[in-house]
Amino acid sequence: MIDSDMIMVETQPACDAVIIWMHGLGADGSDFPPTIPYLRLPKELAVRFLFPNAPEQAVTINGGMVMRSWYDILSMNIGREISETQLQTSVTDISAIVTHQIESGIAPERILLVGFSQGGAVAYETGLSYPANLGGIAAMSTYLPRPIEKINNVAALSMPLLSLHGEYDDVVPLALGESAVMQLQQKGYQPVWQTFKMAHEVSVESLEVLGRWIAQRLMQ
Numbered sequence: 241m242i243d244s245d246m247i248m249v250e251t252q253p254a255c256d257a258v259i260i261w262m263h264g265l266g267a268d269g270s271d272f273p274p275t276i277p278y279l280r281l282p283k284e285l286a287v288r289f290l291f292p293n294a295p296e297q298a299v300t301i302n303g304g305m306v307m308r309s310w311y312d313i314l315s316m317n318i319g320r321e322i323s324e325t326q327l328q329t330s331v332t333d334i335s336a337i338v339t340h341q342i343e344s345g346i347a348p349e350r351i352l353l354v355g356f357s358q359g360g361a362v363a364y365e366t367g368l369s370y371p372a373n374l375g376g377i378a379a380m381s382t383y384l385p386r387p388i389e390k391i392n393n394v395a396a397l398s399m400p401l402l403s404l405h406g407e408y409d410d411v412v413p414l415a416l417g418e419s420a421v422m423q424l425q426q427k428g429y430q431p432v433w434q435t436f437k438m439a440h441e442v443s444v445e446s447l448e449v450l451g452r453w454i455a456q457r458l459m460q
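Count along the sequence shown from 1, then add 240; that gives the number in my numbering.
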């Protein structure tokens, strides 16, 4: 269950769009609110940012240490062996947040999922499998947590997808990000792929690219 202390930041008093932004392994919901100004979003955009916290649970690759994690990672090999049960729990939790926003009056196409690293994997899985077609998925420094054949990808092939990755990433190798993009393309999706001269991190440049993508989605 997602912690009730989810961070919310609203750019206007009455918001008509929502961005749900998932943090990476071992971080928390306070990780990304400070990056909002670097997105350079148009002032007229009325966006509600939601930053949920992953549950605290043991992570096998970190010696069983308890930390915030969307799912357990059992092996750091190129295939990334994970707990699919915990992944599905996180997908269910994020989907519930999406559903609540829709029930509060936000149109599905004005809900974007953004995630960094492990959070990006959850964004992929949630957005592709959610029963209503959302406004898009932005996946940063991440991978598909399971082969796309295992994902109940009911999302329309026209769903906007953005994948950003550091060329020097030694945590989630560039090859994993490329593999995700190729799998999506093979299914008929058209993800936008862009790399940056950085490691496993975000940069001002990558945030500006993300911001332009968000503006394109929400200013239509």
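Glycine included, C-beta positions come from ideal geometry on N, C-alpha and C.
Within its own chain, the residues whose Cβ lies closer than 6 Å to the Cβ of E349, once the five positions on either side in sequence are excluded, are G375, listed in chain order.
Nearest to A347 by C-alpha distance, out of A455, V411, G451 and C255, is C255.
When DSSP states are grouped into helix, strand and coil, G355 belongs to the strand group.
In the structure shown, H405 falls within a strand segment according to DSSP collapsed to helix, strand and coil. In the displayed model, T382 falls within coil according to three-state DSSP, outside both helix and strand. Here the alpha carbons of E365 and A395 stand approximately 10 Å from one another.
When C-beta atoms of the segment 421-429 are compared with those of the segment 445-452, fewer than three pairs fall below 8 Å, so the two segments do not count as touching. In the three-state reduction of the DSSP assignment, A347 falls in the coil class, being assigned neither a helical nor a strand state. Listed in chain order, the alpha helix (DSSP H) elements of length 4 or more contained wholly in the segment 393-446 are 414-426. In the three-state reduction of the DSSP assignment, W310 falls in the coil class, being assigned neither a helical nor a strand state. Closest option to E250, judged by alpha-carbon separation, among E296, G406, Q434 and P274: P274. Proximity of the segment 258-272 to the segment 325-345 meets the contact definition, three or more beta-carbon pairs being nearer than 8 Å. Between the C-alpha atoms of E284 and Q252 there is a straight-line separation of about 8 Å.
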